[in-house]
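Here is the structure we will look at, set down as structure tokens.
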Amino acid sequence: MFGFSISILSSLLWPVLPSTPVYIGSVVAGIMLLKRTPVIAGVLLAVGWISLFVQLLLVDEPPNTVQNIIVRGEIISLVGSNGDWLSMDIRQSNLKSEFFLSKVLRLSWKQAPKLAIGEQWEWVVKPKPITSVLNQGGYNQQRSFLSRHIVMKGNVKSGTKLEGAVSLRSRIINRLKPELSLFTHGDLMLALLLGDKSLIDSERWRSLRVSGSGHLIAISGLHLSVVTTWVFFLTLFSLTRFKPSQSRKNILIAGLLSAVAAISYAYLAGFSLPTQRALIMLLLLLTMGLMKRFSSPWERLLYALFLILLLDPLSCMSAGFWLSFSALGIIFFTLSKWTRESSSHEAENGFRLNMKNKLAMFWSVQWRLSLGLGLIQALLFGGISAYGLIFNLIMVPWFSLVVIPLSFLCFLIWAGGHIFSVELTQVFTLVDLSLVPMSQGFSMIESLPGAWVSISGQTIACLIFFILGLFLLFRVSQNRWRFISIILCMPLLLSVLFGLDTPARSEWRLHLLDVGQGLSAVIEKSGKVLIYDTGAAYGINFSYAERVILPFLRYRGLDTVDYLVISHSDNDHAGGAKLLVNSFPDARVITDISEYSQLDCRPKSILWQGLKLEILAPEIPKDGNNGSCVLRVSDVKHQLMLSGDVEKEGEVLLLDSQKTLSSEVLVVPHHGSRTSSTSAFINSVSPKLVLIPAGFNNRYGFPKKEVVERYLSKGAQVLVTGSEGQISVLFRHDERRVSTYRGDLAPFWYNSLFRFGENNNTE
Numbered sequence: 031m032f033g034f035s036i037s038i039l040s041s042l043l044w045p046v047l048p049s050t051p052v053y054i055g056s057v058v059a060g061i062m063l064l065k066r067t068p069v070i071a072g073v074l075l076a077v078g079w080i081s082l083f084v085q086l087l088l089v090d091e092p093p094n095t096v097q098n099i100i101v102r103g104e105i106i107s108l109v110g111s112n113g114d115w116l117s118m119d120i121r122q123s124n125l126k127s128e129f130f131l132s133k134v135l136r137l138s139w140k141q142a143p144k145l146a147i148g149e150q151w152e153w154v155v156k157p158k159p160i161t162s163v164l165n166q167g168g169y170n171q172q173r174s175f176l177s178r179h180i181v182m183k184g185n186v187k188s189g190t191k192l193e194g195a196v197s198l199r200s201r202i203i204n205r206l207k208p209e210l211s212l213f214t215h216g217d218l219m220l221a222l223l224l225g226d227k228s229l230i231d232s233e234r235w236r237s238l239r240v241s242g243s244g245h246l247i248a249i250s251g252l253h254l255s256v257v258t259t260w261v262f263f264l265t266l267f268s269l270t271r272f273k274p275s276q277s278r279k280n281i282l283i284a285g286l287l288s289a290v291a292a293i294s295y296a297y298l299a300g301f302s303l304p305t306q307r308a309l310i311m312l313l314l315l316l317t318m319g320l321m322k323r324f325s326s327p328w329e330r331l332l333y334a335l336f337l338i339l340l341l342d343p344l345s346c347m348s349a350g351f352w353l354s355f356s357a358l359g360i361i362f363f364t365l366s367k368w369t370r371e372s373s374s375h376e377a378e379n380g381f382r383l384n385m386k387n388k389l390a391m392f393w394s395v396q397w398r399l400s401l402g403l404g405l406i407q408a409l410l411f412g413g414i415s416a417y418g419l420i421f422n423l424i425m426v427p428w429f430s431l432v433v434i435p436l437s438f439l440c441f442l443i444w445a446g447g448h449i450f451s452v453e454l455t456q457v458f459t460l461v462d463l464s465l466v467p468m469s470q471g472f473s474m475i476e477s478l479p480g481a482w483v484s485i486s487g488q489t490i491a492c493l494i495f496f497i498l499g500l501f502l503l504f505r506v507s508q509n510r511w512r513f514i515s516i517i518l519c520m521p522l523l524l525s526v527l528f529g530l531d532t533p534a535r536s537e538w539r540l541h542l543l544d545v546g547q548g549l550s551a552v553i554e555k556s557g558k559v560l561i562y563d564t565g566a567a568y569g570i571n572f573s574y575a576e577r578v579i580l581p582f583l584r585y586r587g588l589d590t591v592d593y594l595v596i597s598h599s600d601n602d603h604a605g606g607a608k609l610l611v612n613s614f615p616d617a618r619v620i621t622d623i624s625e626y627s628q629l630d631c632r633p634k635s636i637l638w639q640g641l642k643l644e645i646l647a648p649e650i651p652k653d654g655n656n657g658s659c660v661l662r663v664s665d666v667k668h669q670l671m672l673s674g675d676v677e678k679e680g681e682v683l684l685l686d687s688q689k690t691l692s693s694e695v696l697v698v699p700h701h702g703s704r705t706s707s708t709s710a711f712i713n714s715v716s717p718k719l720v721l722i723p724a725g726f727n728n729r730y731g732f733p734k735k736e737v738v739e740r741y742l743s744k745g746a747q748v749l750v751t752g753s754e755g756q757i758s759v760l761f762r763h764d765e766r767r768v769s770t771y772r773g774d775l776a777p778f779w780y781n782s783l784f785r786f787g788e789n790n791n792t793e
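Take the sequence shown: its letters are residues 31 to 793, numbered as in the working numbering.
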């Protein structure tokens, strides 16, 4: 089990998955070694298992030539809406692999009719792969989708309803959702009771993120454990009081009823993958406890880990997996310590001291959970809520003792009234009132400065060593190991005191971010930043500036933006301008867009951090692509040109201006369109490295094949953000070093390109 579990967890770092002959061979070898060397056998079997699992998950991918496909399935979640578009997750039916594992599709439907969870539909869908934008510090949608078995995205062309919502859960949601929406905290209640987060708006999500309390409204191991514990002890108390027994009969009955309660709650949550994992883990630990088997809590934890990874080896890709097992580890560590310290006193002390010890133990668990999970969240999400530790220290016990049991009780009362046709919706007023402290805490935290503390990638690495050091410090008593633990803690302490990132003064970097079909580039020098373009914004809820640029800057530990250059007004270049202007009010804005302009784009030179910034065009303000602000950045050795969306006309004007255009690195004009990159322009710039900001599988078919071949024929290296993810270039003395997200920064198998249904637009 140990070898199997470690091997599955290590797959997070594998560059590729083994091919079919390799994983078949590893399974055969694992079976042969099972008795002699079980650890090695477990490793080999795990290699074969995760490879087979992923292959089965992706076995029904449509071919590249398919334009539209017919999909049948059940709506399992209404993810959210943005403008006219509605996103939903559906569980696909009629698949070759349906007998083995369920597959989920993320569909987007423009001007969708009224939909309900549990309905069966048939859709005509334009399929899209789960390939997503990848940048440092950004949300890795590919990994998240795989962990939830989402194997395809798609746009709905049309749909036919086959069957209404027939399941009990679907009918409960459709009945309860409009009733709860009338309460102040109805969105939180619906999420707590039924795992439906569709009522939670962007402002509430922001409050949950800033306070670090999102885990409190996502049905997980905490919620199932609370319900199980309450049912177990209330049942045991009642049986012991009214029907005492010397045997373990009452304990077994209480355990059985608590298991039924946990399964019922998981059903209400829709048996989502995270809920399934939490339920399996809880039932396994409960069964082992009732059987008095595997007395060591760490042994029980290993069995739970093994079973979860056996049933779903991709579960280790989700943040919930790490939070759940980290929480269990912290609880087991604390309880085992308290058991050793208090076992000798419990028998001889009275009730008062006994109760005092239990309260002290409860407090010990709470502060360790708050601190430990805070550190884990910092590792997973690149930041930590500055006041979230204190907030969770209060809210976790409050939810455990009041909110969750009260929600469950009120739901049972409401359901009983519904059975007898009695309207009891107002009983949820009690739950609504119990959530008032949480919403008041939101308001208080958001009014305080520095509510969210971002953590750079370097600090995250230091945190990993720090957590390992703390574990050794508290678990191992030998002086040698304590010395090692102190060494492991030193990087974080040194980075806090002195800072470890000390780049050479002549060193600077270009980061061409992956913002889909758009452009955003970050130039970094001595901890200062110049941003060129902002990527697109869609509707009111999506902006690449918020989803990509700001998280990237936080990850890099960059908080000073000196210049923001907005080349022109097209959405794919200026969509996030307002957000960035508001986020960095001290930044000087260079643009011809009157709404933001502090400096116009007339040709000029600016010295910045030892670099020369040359605005080459336009000579006079223009609308459209040829009005793009063209920027050339250079030092003594290196030159970089950012050309916006200039087309042939703009390139001719640049050539006629007699300005120096030669640049070692060129971010190509207009995403590689055939209306740009003329031979004369390429010859004049003479780039050695060509970077193309174009989204994967974009509807325009950018970059055009003949444009790419034009650059290749001149001996230039060509990289495309849609294929490579973020592209970073380090300039140092005579050295130019290129790194890409998929190839260098995170070269893992789940970050690779998933190809099908590609756009072959040749127009």
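Glycine residues also receive a C-beta, built at the ideal position from the N, C-alpha and C atoms.
Closer than 7 Å to chain D by CB, residue i
i    : result
F732 : Of the protein chains in the structure, only one exists, and it is not chain D.
Residues bridged to residue i [DSSP beta-bridge criterion]
i    : result
R121 : E104, V134
G702 : BP columns for G702 are empty, so no partner.
I553 : L540, L560
M284 : The sequence given here places Ala at residue 284; Met does not occur at that position. Answer is none; A284 lacks a bridge partner.
N185 : S138, K156
V720 : L696, V748
E644 : S635, R662
A59  : DSSP lists no partner for A59.
R762 : E765
Y568 : F572
Residue from the options whose Cα sits closest to the Cα of residue i
i    : options                : result
L465 : I247, M318, G499, Y562 : I247
S237 : S469, M182, L320       : S469
L478 : L580, T67, V240        : V240
D795 : N571, F582, S556, L518 : In the structure as shown, the chain starts at 31 and stops at 793, and residue 795 therefore has no counterpart that could be examined.
L641 : H763, A617, V611       : H763
L358 : T161, L331, Q669       : L331
A746 : I722, L610, A575       : I722
E152 : L145, Q122, G189, R205 : G189
S758 : D616, L719, S451       : L719
I100 : C492, G605, N185       : N185
G725 : G548, F441, F614       : G548
T816 : L269, R234, A146, L287 : Absent from the model: residue 816. The displayed extent of the chain is 31 to 793, so no value can be given.
Neighbourhood of residue i by C-beta, 7 Å cutoff - its chain only, sequence neighbours within 5 removed
i    : result
F213 : M219, F458, D462
L64  : A71
G300 : I106, R199, G225
Cβ-based neighbour list, residue i, same chain, cut-off 8 Å, excluding 5 preceding and 5 following
i    : result
L436 : L460, V461, S464
L340 : F34, W79
V229 : It should be pointed out that residue 229 corresponds to Leu in this sequence rather than to Val. So the list reads K207, L210, S211, G216, D217, L220, A221, once near-sequence residues are dropped.
Buried or exposed (CB count within 10 angstroms, at least 16 for buried), residue i
i    : result
W397 : exposed
P159 : buried
L742 : exposed
N165 : buried
K734 : buried
R178 : buried
Q456 : exposed
G569 : exposed
L192 : exposed
D231 : exposed
I203 : buried
T770 : buried
F263 : exposed
I38  : buried
P304 : buried
Same chain, Cβ closer than 6 Å to residue i, neighbours up to 5 away in sequence not counted
i    : result
K689 : L646
G499 : S515, L518, C519
F711 : E681
* Can at least three beta-carbon pairs, one atom from the region 247–257 and one from the region 343–363, be found at a separation below 8 Å? -> yes
* Stretch pair the region 668–678 + the region 627–640: three plus CB contacts closer than 8 Å -> no
* **Given 8 Å, three or more beta-carbon pairs between the region 167–178 and the region 262–277** => no
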